[in-house]
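Chemist: In terms of the numbering used here, the sequence shown has 14 at position 14, counting the first letter as 1, and numbering is strictly consecutive.
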Amino acid sequence: MEIQTESGEIGKLDIGISENGTFVKEPNTGEIW
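(1) Only counting the same chain, and skipping five residues up and downstream in sequence, which positions put a Cβ closer than 6 Å to that of residue 25?
(2) Determine the DSSP secondary structure at residue 18, reduced to helix, strand or coil.
(3) With a threshold of 6 Å on Cβ separation, who are the neighbours of residue 23 within its own chain once the five nearest residues in sequence on each side are excluded?
(4) Between the alpha carbons of residue 5 and residue 12, how many angstroms are there, rounded?
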C-alpha cells in the first residue's frame, strides 16, 4: 500500500496478518504499528 504524507512524500507500508490480527509495517525502518 502506498500512502502520501501531508508534505507530498510517497511512502510504502506493508500490511500483514498475524496471530494478533492485522499489522502494518514500515519497510524502511522495520517499525510495526
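Positions of the beta carbon are idealized from the N, C-alpha and C atoms, including for glycine.
Quick caveat, the model's predicted, so the values are computed rather than measured.
Modeler: Concretely, from the data shown:
(1) As a first step, residue 25 must be located in the sequence shown, where it is residue number 25. So the list reads 14 and 32, once near-sequence residues are dropped.
(2) Within the sequence shown, the letter at position 18 stands for residue 18. Three-state DSSP puts residue 18 in a strand.
(3) In the sequence shown, counting from the first residue as 1, residue 23 sits at position 23. Counting only Cβ-Cβ distances below 6 Å, and skipping sequence neighbours, we find 16 and 32.
(4) Along the sequence shown, one-based indexing puts residue 5 at 5. Along the sequence shown, one-based indexing puts residue 12 at 12. Spanning the two alpha carbons is a distance of roughly 11 Å.
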